[in-house]
Structure formats: structure tokens, C-alpha cells
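Undergrad:
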Amino acid sequence: MARCARVPLREAESARRRAMSEGVLDHRFKIGVAGGWALIPISGPLEGLEEAEADLEPRERRPTDYREIASVPEGLRPLLPSSHDVVGDIAVMRVPEPLIPHRREIGEALMRASPSLRAVMMDGGVKGELRIRDLELIAGSGPSETIHREHGLRMAVDPSKVYFNPRLAGERMRVASLVRDGETVIDMFAGAAPFGLVICRHARPSMVYSIDLNPDAGAFAERSAEMNRIDNLTVISGDAAEAMGGLPMADRIIMNLPQSADGFLPLALSRLRPGGTAHMHKVLERSALEAYSERLREEMAALGLGMRVSLATELKTYSPTMSVYVFDVARE
Ligand SMILES: C[S@@+](CC[C@H](N)C(=O)[O-])C[C@H]1O[C@@H](n2cnc3c(N)ncnc32)[C@H](O)[C@@H]1O
4 MARCARVPLR EAESARRRAM SEGVLDHRFK IGVAGGWALI PISGPLEGLE
54 EAEADLEPRE RRPTDYREIA SVPEGLRPLL PSSHDVVGDI AVMRVPEPLI
104 PHRREIGEAL MRASPSLRAV MMDGGVKGEL RIRDLELIAG SGPSETIHRE
154 HGLRMAVDPS KVYFNPRLAG ERMRVASLVR DGETVIDMFA GAAPFGLVIC
204 RHARPSMVYS IDLNPDAGAF AERSAEMNRI DNLTVISGDA AEAMGGLPMA
254 DRIIMNLPQS ADGFLPLALS RLRPGGTAHM HKVLERSALE AYSERLREEM
304 AALGLGMRVS LATELKTYSP TMSVYVFDVA RE
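Just so you know, we're using the working numbering here: the sequence shown kicks off at 4 and counts up by one.
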């Protein structure tokens, strides 16, 4: 039996709201109706309202954590991943080796706990020069292509065809907030152009050049620009090392290629106007961070390129000892 407030039907909604605002609505049960009365489940008194006991229908409780309902052997339960990425309506999840035989049960549980998901894909890691993710559908249905929403934009993306990292949303907005009116921006390793799209939507650059080797990335970037009515994003499919020569000098260059971006830094600095900034992503041993900026400055000085690191921030953990950092490198 459930404790409830008994009110005339026409007062049901106001009583429910009052119970909510006073923190006494009992969410375990549904509101009942009996003979012209509404029965509002409560966990404490609502002054002035008549109380009763009633056999109310329990509310089906949807688990918020898929780990509560994943059907895997008890001994493996502690290995269930505590996080995953969501790209559009697809969850992308790394599954530890011992749980791989149970991947479908894990995917099904995640779908049940998160009804907005259309599919769950198991992440086999990114590979090759194009940084493409190896994905396997483990629950749900449909293609891996989706529309991801970020900072008021709709981004067309297929994480099995083009690198995309939803966790960089904050970094994209940080960079956009630095862009001054009329800037020329080059994104050397742009993927599906999430940086360029956020910059064009939230700042007023004269042009963002979005370069990527992967032709699929270019196609998604074009589609997103069209969908969001953005007309100052120029998409270039090809090698940044070749494409840069044909572009105007830049005020800002984005270099999100954490394994090898520093190899492109001399080129980027040579294409930056004095006072311009390169946002260079780099994966490093955490212990090497302090010495790295100074080493970079010396190496560039030897090439006749003046620079200083104005900011070095950790973006994400890469391994137990390594992290991905972003270095804001100012051209002097
Ligand atoms: C880590 S991903 C970054 C994608 C994008 N910036 C993002 O945040 O989603 C690196 C991208 O660089 C591209 N790439 C690798 N080498 C390149 C090169 N030499 N010139 C242009 N793009 C390159 C890959 O295809 C890949 O899409």
C-alpha cells in the first residue's frame, strides 16, 4: 500500500506540482484515480490535503547505470566500463578483453538504460594515418552515420569513416572564443571540421580553411556546412603539407594530430602572421611536459622561427603515464 494525498480530479495537477516542489512526491508509484478522486503518491505530509492509503501501480524504474542490468558473469562485473562516448545517437564503447564474449549483453543493457540511443558500437581503437576507428555494432541497428549535436550545430559524421571526438567540445569552444573578427583560420588536420564549424558559428572569422587527407572527412564537412548554413568554411581534401602553400597567411592554425603535429610546426609557424597562434595537440609522457616547451622553442629558433608557448593544458589521459596536451604557440 502507498501513502497518498486524496484530491478532487481537477486539483490533481496542482497537487502533484505542490508535492514535487515540497519534495514529497513519491516517484516509486504512478498517480492513481478512484471514484472522482486523484491519489497522489507522497512520502511526507502535504498540509491541508487529505491523506489515504491506496494500492497504487508501481512506476517501472529505468536503471540509470547500465552496469546494474548487464547480464555478465559476476566475476567480470568490476571490469564493466564506467564511461563511453556518445556520437549523435550512437554510443561508442571500449570493451575490456575478458568481456568481449559478452559484448552484445553489454550493448543491450546500455540501450535499455539510455533510451535515446539507436545503436551501440564496440570501439577497437583508431588506426592508420587517417585515424579511423574500428567499430563493431553490438546492439541496436542502422548505419554508423549519424548527426551529432554540439554547441548549437548539427554535425554529420560517421565515426567508422572519419575521426571524431565528442570530448573535444570544450576545447573547440575555447578556441572559438579566442577568434577575433576577420581572422583567417587554418585547421590542418580537420576531420569532419568540428573545430571549423564551431568557430564559424560562434565567432566571425573571414574564412576557415579545413584540410584533411581523408576524402570522407571532407564530404561530411561540406554537408555540415550546408546543413548549418555556414558559408565561410572552405573544405580542402589533401595533404596539409601541400595545401598550406596555396592558402593565405593565417592568424590561427589548429593542429590536432597528437602523434606527429610537432613535425608540422615549422610549416605552421611559417604560415602564421606575427602575433598569430597555433593550437598544437601533442601526446607526451607527463614527466616530459615541463622540458618540452623549452625544447620546442630551441628547435624552432634554430630554424629562425620565433615562438613562445603561451599555454600548455592537458586535454585527456592517453595511457597510465601519457596525456594529450594542447600547446598554444604564439608566433613572434
Ligand atoms: C586526430 S584526427 C583530428 C580530426 C579533427 N580535428 C577532430 O577534432 O575531429 C587527425 C586527422 O588528420 C588527418 N590527417 C593525417 N595526416 C594528414 C595530413 N598530412 N594532412 C591532412 N590531414 C591529415 C586524418 O585523416 C585525421 O582526420
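From the three backbone atoms N, C-alpha and C, an ideal C-beta is built for every residue, glycine too. Here the structure is a predicted model, which means the values were calculated and not measured.
Would you please state the rounded distance, in angstroms, between the beta carbons of GLU50 and LYS33? I believe it to be under 8 Å.
TA: About 24 Å; that fails the 8 Å criterion.
Undergrad: Beta strand (DSSP E) containing TYR328: first to last residue?
TA: TYR328 -> beta strand (DSSP E) spans 325-334.
Undergrad: If you follow the beta strand (DSSP E) that TYR212 is in, where does it begin and where does it stop?
TA: Run containing TYR212: 210-215, per the beta strand (DSSP E) assignment.
Undergrad: Smallest Cα separation from LEU171: which of PRO261, ALA304, SER74?
TA: Out of PRO261, ALA304, SER74, PRO261 has the C-alpha closest to the C-alpha of LEU171.
Undergrad: Counting Cβ pairs closer than 8 Å, one from the segment 189-208 and one from the segment 249-256, do we hit at least three?
TA: The segment 189-208, when compared against the segment 249-256, does touch it at the 8 Å Cβ threshold.
Undergrad: Distance check for GLU108 and VAL75, CA to CA, integer angstroms please.
TA: The alpha-carbon atoms of VAL75 and GLU108 are separated by roughly 7 Å.
Undergrad: Tell me which residue opens and which closes the beta strand (DSSP E) that MET3 is part of.
TA: Nothing about residue 3 can be read from this structure; the chain reaches only from 4 to 335.
Undergrad: Can you list, in chain order, the residues of its chain with a C-beta nearer than 6 Å to that of PRO277? Leave out the 5 residues immediately preceding and following it.
TA: Counting only Cβ-Cβ distances below 6 Å, and skipping sequence neighbours, we find ARG334.
Undergrad: Quick one, which of PRO11, PRO48, GLY131, ARG62 has its alpha-carbon nearest ALA37's?
TA: Checked all of PRO11, PRO48, GLY131, ARG62; the closest Cα to ALA37 is PRO11.
Undergrad: Under 8 Å from any heavy atom of ligand 1, does the C-beta of GLY128 make it?
TA: Checking the Cβ of GLY128 against ligand 1 gives no.
Undergrad: Report the residue from SER24, ASN235, GLY127, ARG175 whose alpha carbon sits nearest the alpha carbon of GLU153.
TA: Selected option, being the one with the closest Cα: ARG175.
Undergrad: What did DSSP end up calling GLU288 once you bin it into helix, strand or coil?
TA: GLU288: strand per DSSP, three-state reduction.
Undergrad: State yes or no: is the C-beta of PRO66 within less than 9 Å of the C-beta of ARG6?
TA: No, the pair does not count as a contact, with Cβ atoms beyond the cut-off.
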